[in-house]
Each structure stands twice: as structure tokens, then as C-alpha cells.
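S.K.: When we follow the working numbering, the leftmost residue of the sequence shown carries the number 277, and every step to the right adds one.
One structure follows; several queries about it will come next.
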Amino acid sequence: MLTEQRTTSKETWIKVLDQTKCIGCHACTTACKSENQVPLGVTRTYVKAVEVGTFPQVRRSFQVTRCNQCTNPPCVAACPTGAMYQRPDGIVDFNKAICIGCKACMAACPYDAIFINPEDHSAEKCNFCAHRLDIGLEPACVVVCPTEAILIGKLEDDTARATRVVHRTPVAVRNPEKGTRPKLFYRGAHQATLDPIAAERPRGDTYMWSQIPSGPHVIASGHPADAHVPNSSAKAKLVYDVAHNAPWGGLVSLYTWTKGLSAGAYLVPITLWLLGKLPFSSDLVRIWGPSISLAFLAITGGLLIGDLKHPERFYLLFLKGRPESWLVRGGYGLLLFGGIDTLTLIAGILHSSTAMGILAIPGIPLAALAALYTAFLFAQAKARDLWQSPLMPIHLVIQALLLGSAVSVFVAAITDPGSTVGYLERLTGALAILNALLVVGEITITHPTAKAHLAVWEMTHGALGRLFWLGFALDLVGILTPLGMALAAAALLCILPLEHAYVQAGQRVPLA
């Protein structure tokens, strides 16, 4: 029982996990499940085990893995509705009633501590058993730990055991380079447990009491030696872990393609008309460009809603949208772009070049925003080192222009066969070259972290390698083929496998 009662706004809860006392009994895991009614297959907390050394000099090290209660929580910044929020006492809590199941918090968490509850389809995680703290009780895991390896206290209370440990003994936190300033401190933890890629991750069974999941979105359980990932422990092998699925699957990859096509189908014809390369009388400029853009924008909206675990709550993105979230900013951007696109189509039907010219003033930047905002959404996912790339915004714009130019080749070949087609083919070829150069740049630039390096290896040589090189080969076909339709088809199709490989590779590196 805690002597302190309800916390004030100036008090901050911290937790210490003393790994010198942890015996790996998993009592904290079962107590958490019982207290918080966590269903089978997911956990708010679990104990990872790593064997360090070689026989006969071997010891088993444990790490209690859970939410790190960040001072600067990236999950809160990424959450579009405020379902993830930070209390005045520092605890990062959640409100399931307004969770839309977008999984942005999962993608942002550098500790892989958040999951979607399979029963209510909402995001949840360890919240310090806040309901118990508020009535003066300790969290369930603290109560049941037989060796008192789990301690809690208030950072401002020097009499609390947890605070004394933090202030007077060496402690460590996980992933300090992420700038999240965790309030979960480890005492005596081995580096092979703190760093998820420090220990060898065998491809065999390391899941003692559960089956290894299978499927295209399962995070890789290991990597071969030629991945060149540094191992901070001379001999360390993971022997028990919990499998985690990548939060974003194929629908997100497909949405980046449809969104790029929508932006490009608007940008290319309108821009070429304003530059004097296409006549206003062209159906591509007046009708087909805006129409194709609207169609794929509608598909994009359907994919975004379809990927939510609570699609019926999608309206909360606008009613309770938090401006810090790029999911919200992107949603409003797509909504505004759709409105301008619709008005542009009406102006084209009415043959009003003046109206189309005026609408292009907000339309072009909104289309560019629709193409590139995903780069900032992905960058907000601090957990994914591969996505922290400075090349991504310009790459997404080039992809959108390539897709728009390619689809314009098809339309022009049907509605206006002549010199226009040849010009669009040359433009598509040039954009395909730029896209290929940016792809090469993404995989050859010096990556600042081992996790980013491993993600690139997974994308180019691992399970996603065939898909990635298929997309790159299609891009080369678009560059080298002399046939306009083949060029356009290759340019349209190459982005799909490239984007899927990129989105999935960023999520395959283990975080816990």
C-alpha cells in the first residue's frame, strides 16, 4: 500500500526495474493480465530472456519489458484524437472511447509497448495501473513481485526507494537517443537485453508458451551474419521473447500509391497547361486529370478508413483531431485538396480557364502536400529509423509526378494521339530516372543507426528483397523501353512493390 494518496500536478511517477533481483518468474506478466483483463495473445508487460556467454560460463539475463512512460512521449504526439495522453503526474494513459485504431501510436513507440486489444480493437499498454495509484494502491506487478525487483515512487520524493535507487546508483534507460526521456529505469540490466539487436536472434523457436505467428507482416525473428549489424555483446543469444506484428500492413502501402497517383494526376496536366505545354482545350487538362485525381483520392480515403480498427469512428479524426498529429494534418489536407479538385473539374466542364487558373493557386500546393505529408507522418514514427530519411519528402513528390505523368500517357494516347503523347512519354522517362536515382540514394546513403542499416538489409536482401528488386526492375523498364504504353505501365506499377518493401522494412527491425 502506498503512503501517498492522489498525486498533484507537480509530482511525477517513476519506476525502477532492478534486473539484479529479477528471477524471470513472469509473476508481473500474469498479475498485469489479471488486474487489467488483458486477453491472451497480447501483453502489457513481459520478461525477455537472453543467455550471455558460452558453456560452461553462461548466465541468463532478464529484462522486464513494458511502456517506458516517456517524458516526451512520441505516441501522444502521433495520436490523432488524444486517445493517448499524458496525465499531470507524468503517466502516459489512454482513452479507449476515442481510439480509432489507426496504430500511429504503435508505429511511433520506440519500445514496442503498445498493442491493439483483439477484443475491443483499441490501443492499450501499461499505464502504471493508474486506477490503483489514484486510490493509494501500488500497481499489480509491484505487489506480486517476489524479489521486490519492481519499485515505484515519485521523482520529487527522496524518501521513496525507487527515487533513492535512481539518484544514488547507476541506472540505464532504453533508447536514450530517441529523446523520449523515459521514466522507466533499469538497474543492473545487461546491454544484450536493453538493445534489441545486440543479442543473436535465432530464426528458431524462442517463444516458450506461444506459437510463432506467420504471415507477410510478421517482424523478422533474426538476420544473417552478412547483415553487418554490430553486436555489443560478444556472446549473447535471445532465448525468450514475444512476437510482435508490424502495425501498418499492405493497405498503408497501397494508400501511398493511390494518394501519389491522385496528386500526380492533378499536378501534371494542370502544371503543363500553366507552362504552355498543353492546350486548355485538351480533355486531359479539363476533364481526365481532375476526374482521375478525384477517383483515386476517394480510393485513398476508403483505404485509410478501411485500415482503422474502429472505422466507424473515423469522424473523430476531424471532431477531436489534434494538430500535432500528421495524420490529422494530412486528413485536412486531403479534404481541402478534394474540394479544390472538385471545383477544378467543374471549371473544366464549364470551359472556364480563368476559374481553373485561380483554383490552381491553392490546388498545386495542396496536391504537393497530399503527396509528401506521408513523409512527415512516417518521420513522426520515431521508432522506425529507416523512415527518418531527409530524402523522403522529395521522393514522394517525384513518385507522384511519375505516376501522374504515366497515367497522362494513357489518357493522351486515347483522347489526343499526337505530339502530346511523345512529350508526356519523355517526361515520364525523365521522372523514372529521377525516381531510380532517389531509390539508389535511399539504400546507399550512410545510415546513422544500426537499426536503419538492418532495415535496408531487410528491404534489399532479406524477406522483402525480391519485391524491392521487382519494383526497381520495373522502373528500369520504364527508363529503357521505347514503347510509350509499356513505359507508362512500368512507371505506374514500379511504385507499388517499392513502396510496400519500404513501408514494411521500416517495421521489421525488433524494438524490444
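Yeah, the Cβ is synthetic: ideal placement off N, Cα and C, and Gly gets one too.
Is the number of C-beta pairs between the region 594–603 and the region 613–622 that are closer than 8 Å three or more?
M.R.: The region 594–603 vs the region 613–622: no contact.
S.K.: Whole-angstrom Cβ separation of residue 291 and residue 438, contact assumed at under 8 Å?
M.R.: Stepping through the sequence shown from its first residue, residue 291 is reached at position 15. Stepping through the sequence shown from its first residue, residue 438 is reached at position 162. 7 Å between Cβ atoms; contact.
S.K.: Take residue 577 as the anchor and find which of 538, 552, 565, 562 has the nearest alpha-carbon.
M.R.: As a working note, residue 577 is residue 301 in the sequence shown. For residue 577, the nearest C-alpha among the options comes from 538.
S.K.: Taking the C-alpha atoms as reference points, what is the distance between residue 331 and residue 474?
M.R.: What you label residue 331 is simply residue 55 of the sequence shown in a count that begins at 1. What you label residue 474 is simply residue 198 of the sequence shown in a count that begins at 1. Those two C-alpha atoms are separated by around 19 Å.
S.K.: What are the partner residues of residue 289, as DSSP defines its beta bridges?
M.R.: By 1-based counting over the sequence shown, the position of residue 289 is 13. In DSSP, residue 289 forms a bridge with 430.
S.K.: Does DSSP put residue 773 in a helix, in a strand, or in coil?
M.R.: Taking the first residue of the sequence shown as 1, we reach residue 773 at position 497. Here residue 773 sits in helix by DSSP.
S.K.: Spatial neighbours of residue 458 within its chain, please: CB distance less than 7 Å, with the 5 preceding and 5 following residues excluded, ordered by chain position.
M.R.: For this step, residue 458 is matched to residue 182 along the sequence shown. Excluding sequence neighbours, residue 458 sits near 344, 345, 346, 449, 450.
S.K.: When the Cα of residue 573 is compared with those of 701, 704, 680, which residue comes out closest?
M.R.: Counting from 1 along the sequence shown, the entry for residue 573 is found at position 297. Per the Cα distances, 680.
S.K.: Tell me, please, which residues DSSP counts as bridged to residue 458.
M.R.: For the purposes of this step, residue 458 is taken as residue 182 along the sequence shown, with counting starting at 1. Paired residue(s): 346.
S.K.: Count the C-beta pairs between the region 765–772 and the region 525–538 that are closer than 8 Å, then say yes if the count reaches three, no if not.
M.R.: Yes, since at least three Cβ pairs between the region 765–772 and the region 525–538 fall closer than 8 Å, the two stretches touch.
S.K.: Please determine, among 650, 676, 677, 560, the residue with the shortest C-alpha to C-alpha distance to residue 666.
M.R.: The residue you call residue 666 lines up with position 390 of the sequence shown. For residue 666, the nearest C-alpha among the options comes from 650.
S.K.: At which residues does the beta strand (DSSP E) containing residue 369 begin and terminate?
M.R.: For the purposes of this step, residue 369 is taken as residue 93 along the sequence shown, with counting starting at 1. That run of the beta strand (DSSP E) goes 368–370.
S.K.: What are the boundary residues of the beta strand (DSSP E) that residue 339 is part of?
M.R.: Translated into the one-based positions of the sequence shown, residue 339 becomes position 63. Run containing residue 339: 333–341, per the beta strand (DSSP E) assignment.
S.K.: Once DSSP output is grouped into helix, strand and coil, what is the label at residue 476?
M.R.: Start at 1 with the first residue of the sequence shown, and residue 476 comes out as number 200. Correct three-state label for residue 476: strand.
S.K.: State the Cα-Cα distance for the pair residue 664 and residue 625, rounded to the nearest angstrom.
M.R.: Taking the sequence shown and counting its residues from 1, one reaches residue 664 at position 388. Taking the sequence shown and counting its residues from 1, one reaches residue 625 at position 349. Approximately 42 Å, taken between the alpha carbons.
S.K.: Can you find at least 3 beta carbon pairs, one from the region 708–719 and one from the region 684–691, that sit closer than 8 Å?
M.R.: Verdict: no, contact absent.
S.K.: On the CB-based measure, 16 or more other CB atoms within 10 Å of its CB, does residue 713 come out buried or exposed?
M.R.: Here residue 713 refers to the residue found at position 437 when the sequence shown is read from its first residue. Result: exposed.
S.K.: Sorted by chain position, which residues of the same chain lie with C-beta nearer than 8 Å to residue 638's C-beta, five sequence neighbours on each side aside?
M.R.: For the purposes of this step, residue 638 is taken as residue 362 along the sequence shown, with counting starting at 1. 612, 616, listed in sequence order.
S.K.: If you draw a straight line from the C-alpha of residue 561 to the C-alpha of residue 741, how long is it?
M.R.: The residue labelled residue 561 in the question sits at position 285 within the sequence shown. The residue labelled residue 741 in the question sits at position 465 within the sequence shown. Straight-line Cα distance between these residues: approximately 38 Å.
S.K.: Pairs of beta-carbons, one from the region 413–423 and one from the region 294–307, closer than 8 Å: are there three or more?
M.R.: Contact between the region 413–423 and the region 294–307 is present, because at least three Cβ pairs lie under 8 Å.
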